[in-house]
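First comes the structure, then the notes that go with it.
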Amino acid sequence: MTQVSELQRESHTYKAVGGYELQLDVIGAHPGESRPCVIWIHGGGLIFGSRTASPRDSLLRALLAQGLVVVSIDHRLAPEAKLPAIVDDVRDAWCWVHEAGQAVLGVARDRIAIAGASAGAYLSLMAGYMFEPRPRAVASFFDFGDITAPWEADPSPYYRTADLLTRETALASLAAPPTKENSTAQCRKLH
29 MTQVSELQRE
39 SHTYKAVGGY
49 ELQLDVIGAH
59 PGESRPCVIW
69 IHGGGLIFGS
79 RTASPRDSLL
89 RALLAQGLVV
99 VSIDHRLAPE
109 AKLPAIVDDV
119 RDAWCWVHEA
129 GQAVLGVARD
139 RIAIAGASAG
149 AYLSLMAGYM
159 FEPRPRAVAS
169 FFDFGDITAP
179 WEADPSPYYR
189 TADLLTRETA
199 LASLAAPPTK
209 ENSTAQCRKL
219 H
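Residues in the sequence shown are numbered from 29 upward in steps of one, following this note's numbering.
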């Protein structure tokens, strides 16, 4: 049996912003066909993660066995990018899949779902009510819901055993770029 890590992935750049190129990986592409598709958004609390964290093996295998194309996307990461910019990245990936869909990936434009885990689940739910055209389906795995609620926004004394960082120390740790991978491909945006 082929390992999921050995499956053919095609990487495409769907957006360039701030000197970085945001990419998506396509698994199970069949150019020219008209297959259903799931766009996968990785977890990571909006602050880490990447498109290489596609769905777990069992879910990925089940989707591919049913003839779906799986598209796993990157987006900018917080705190360098704020939530509206992250949502814009997801929307631009959504639009890119709609535009490139059938010719490049073998995706039927009217059969695209969106799914994710944790922060990706949260972004999937946002896509379900914000994006046009609407996703055919939305799957939310381990969603964290309202990110402004105290249970999410306030530090938990249960997990916090060390002293809090000073503001200066915290800000100094943010020198890393919002994405770490680059490519030279370009794409058009669907408006």
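C-beta atoms are modelled at their ideal positions from N, C-alpha and C, and glycine is treated no differently.
Quiz item: Between which two residues does the alpha helix (DSSP H) harbouring H126 extend?
Solution: L111 to A128
Exercise. Can you give me the start and stop residues for the beta strand (DSSP E) that G144 sits inside?
Key: V135 to A145
Self-check item: Burial state of K43 (16 or more Cβ within 10 Å)
Solution: buried
Quiz item: Using DSSP with H/G/I as helix, E/B as strand and the rest coil, what is L151?
Solution: helix
Quiz item: Do you know offhand how far H126's Cα is from A177's?
Solution: 34 Å
Quiz item: Between the stretch 156-164 and the stretch 75-90, are three or more C-beta pairs nearer than 8 Å?
Solution: no
Quiz item: Apart from the five residues on each side of it in sequence, which residues of its chain come closer than 7 Å, Cβ to Cβ, to G46?
Solution: none
Exercise. Since I believe S146 is in contact with G60 (beta carbons under 8 Å), could you give me their beta-carbon distance rounded to a whole number of angstroms?
Key: The pair is not a contact, with the Cβ atoms about 35 Å apart (cut-off 8 Å).
Quiz item: Cβ atoms of L133 and V6: under 7 Å apart, would you say?
Solution: Because the chain spans 29 through 219 in this model, residue 6 falls outside it and cannot be assessed.
Quiz item: Looking at A57 and V98, is the spacing between their C-beta atoms short of 7 Å?
Solution: no
Exercise. Look at the Cβ atom of V166, then the Cβ atom of I142, and state whether they are nearer than 7 Å.
Key: yes
Self-check item: CA-to-CA distance, I75 to L199, given in whole angstroms
Solution: 14 Å
Exercise. May I have the straight-line CA-CA distance separating S100 from L202, to the nearest angstrom?
Key: 26 Å
Practice problem: On a CA-only basis, which of W124, S152, I67 and T189 is nearest I140? Give me that one, please. | Solution: I67
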